[in-house]
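Chains as they are written, first to last, in my numbering: chain H, 325 to 550; chain B, 325 to 550. Beta carbons: idealized from backbone N, C-alpha and C, even for Gly. Quantities reported herein were computed from a predicted structural model and do not represent experimental measurements. Working notes, beginning with the structure itself.
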DNA sequence: CGGTTTTTTAACATTATTTTAACTTTAAGA
DNA sequence: TCTTAAAGTTAAAATAATGTTAAAAAACCG
């Protein structure tokens with residue numbers, strides 16, 4: 325993909341480092357967004373849907389590991405690349421032990437040229453494999469990358485939340501997803517919405533699909549099943 | 325698994341934090357146990373065999389990391405989930421360095437809702453992988469993940485309580501489950517329902533299965549046997 | 001900004017599930 | 001074989017969970 329269409333979210337609490345990375349990556353043509361802690365990073369990520377997130381590990385408010393975990397829990401960031409930024413003498417292998425789903429580590433300080441080539445390599449590595457994002461079930465076809473759903477060759481329009489919810493259910497056909505699970509994976513752990521929100525979304529999805537492939541298991545949750 | 329059957333051991337030397345977590349998790353129906361240092365935690369863990377232990381890192385007498393290490397050395401806690409509780413600004417590289425086999429960590433301060441959903445996610449994550457979700461007995465197949473029961477390739481519908489009851493009996497074919505046991509494991513310890521409730525559910529299950537695989541042991545309980 | 005779409009809420013309706021209660025039957029031991 | 005506690009049966013009542021709607025609130029977009 326072109327740098328021009330590639331969004332990178334940089335997260336660090338030290339303005340100098342942010343500025344350094346910002347400057348060097350913008351020069352390459354990437355779209356750069358900044359956040360100064362994990363909290364901000366999550367909010368911004370929801371908005372801009374970056375392709376790559378570079379997270380400092382130690383930050384106030386919410387550290388990088390925590391932010392990464394939360395990202396990894398949400399379906400919409402399934403194919404976002406996440407890299408940690410670490411001080412050179414930190415012991416990464418141990419940090420990695422926490423296994424929160426980071427794709428790479430970048431140590432600082434780092435020289436501009438090295439930074440840029442690492443970023444390029446990272447994006448290359450993950451755009452190659454992530455390509456197959458299309459799931460087909462019966463006459464239903466959903467493409468996570470294009471955010472599109474097709475039924476009987478007819479394109480259906482699903483806004484974000486509906487799409488995420490449908491996408492989650494379809495990710496494991498037959499499995500019952502509890503309301504808690506759905507909440508946490510579509511809305512995230514921090515967001516509080518009322519009881520009926522999920523139902524309303526389910527209703528809209530059902531309406532568009534025009535069938536009964538989404539089953540209610542009362543007292544448990546919902547599942548996609550044909 | 326139901327919250328009612330899930331034991332959580334909370335370990336912290338600050339009474340306020342214990343109380344906070346205790347209150348919020350009890351509200352969800354979990355069985356909560358408390359300890360105020362690593363020493364106590366180990367003793368209590370041996371007694372109650374919790375499913376999840378939340379350990380503060382810094383405590384007098386025995387800190388969380390030491391406690392975790394000892395737990396990990398005992399086979400009986402192989403599938404106990406252990407999470408660390410850390411202050412938000414603590415240095416993870418150090419904590420991580422200890423690599424004593426924690427499954428997760430939770431930063432404080434934490435909001436009640438977030439705490440609860442984190443706990444749920446944790447339990448889900450670790451119960452899903454280990455346990456075989458499909459049980460087959462004769463022509464009967466029950467799938468906890470799909471919440472479905474199939475007999476002779478015919479799908480039968482079991483509402484929640486019936487499903488859980490059947491599922492319990494089938495979890496150990498031949499074993500007699502007393503009414504008390506059934507009550508406590510399907511309904512939970514602090515819910516009081518009348519005497520005939522279990523019978524009615526048993527009746528419905530028998531009706532749907534259409535056989536006599538559920539045997540009554542008068543004065544004792546029920547068992548599933550073919 | 002101002003219009004448009006998406007998301008959430010809140011009130012209410014509907015339904016499936018769970019429980020109760022009254023009554024009957026069964027089985028085990030005196 | 002009686003007695004009695006325990007379990008079975010049934011239908012109706014109670015409850016909880018979900019469905020539905022329209023409208024308010026947010027987010028989005030030029």
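Assigned exposure category for residue i - 16 Cβ within 10 Å defines buried
| i | result |
| --- | --- |
| residue 397(H) | buried |
| residue 362(H) | buried |
| residue 502(B) | exposed |
| residue 524(B) | exposed |
| residue 500(H) | buried |
| residue 355(B) | buried |
| residue 443(H) | buried |
| residue 445(H) | exposed |
C-beta neighbour in chain B for residue i, strict 9 Å
| i | result |
| --- | --- |
| residue 543(H) | yes |
| residue 284(H) | An answer regarding residue 284(H) cannot be provided, because it is not within the stretch 325 to 550 covered by chain H. |
| residue 330(H) | no |
| residue 538(H) | no |
| residue 406(H) | no |
| residue 378(H) | no |
| residue 547(H) | yes |
| residue 516(H) | yes |
| residue 428(H) | no |
| residue 400(H) | no |
| residue 367(H) | no |
Under 9 Å between C-beta atoms of residue i and residue j
| i | j | result |
| --- | --- | --- |
| residue 493(H) | residue 546(H) | yes |
| residue 406(B) | residue 425(B) | yes |
| residue 378(H) | residue 447(H) | no |
| residue 509(B) | residue 543(H) | no |
| residue 369(B) | residue 386(B) | no |
| residue 532(B) | residue 450(B) | no |
| residue 541(H) | residue 522(H) | no |
| residue 376(H) | residue 330(H) | yes |
| residue 440(B) | residue 348(B) | yes |
| residue 389(H) | residue 401(H) | no |
| residue 529(H) | residue 465(H) | no |
| residue 476(B) | residue 498(H) | no |
Chain H contact for residue i (CB, 9 Å cutoff)
| i | result |
| --- | --- |
| residue 470(B) | yes |
| residue 359(B) | no |
| residue 437(B) | yes |
| residue 444(B) | yes |
| residue 448(B) | yes |
| residue 431(B) | yes |
| residue 467(B) | yes |
Cβ distance (whole Å) where residue i is taken to contact residue j below 8 Å
| i | j | result |
| --- | --- | --- |
| residue 353(H) | residue 327(H) | 4 Å |
| residue 537(H) | residue 549(H) | 7 Å |
| residue 336(B) | residue 360(B) | 7 Å |
| residue 513(H) | residue 394(H) | 6 Å |
| residue 457(H) | residue 403(H) | 7 Å |
| residue 332(B) | residue 432(B) | That pair is no contact at about 16 Å. |
| residue 488(H) | residue 399(H) | 5 Å |
Check: For the stretch 478-507 of chain B, which residues have a beta carbon sitting closer than 7 Å to at least one beta carbon of chain H?
Finding: 483, 484
Next item on the list: Compile a chain-ordered list of the residues in the stretch 333-353 of chain H whose CB is closer than 9 Å to at least one CB of chain B.
Entry: none
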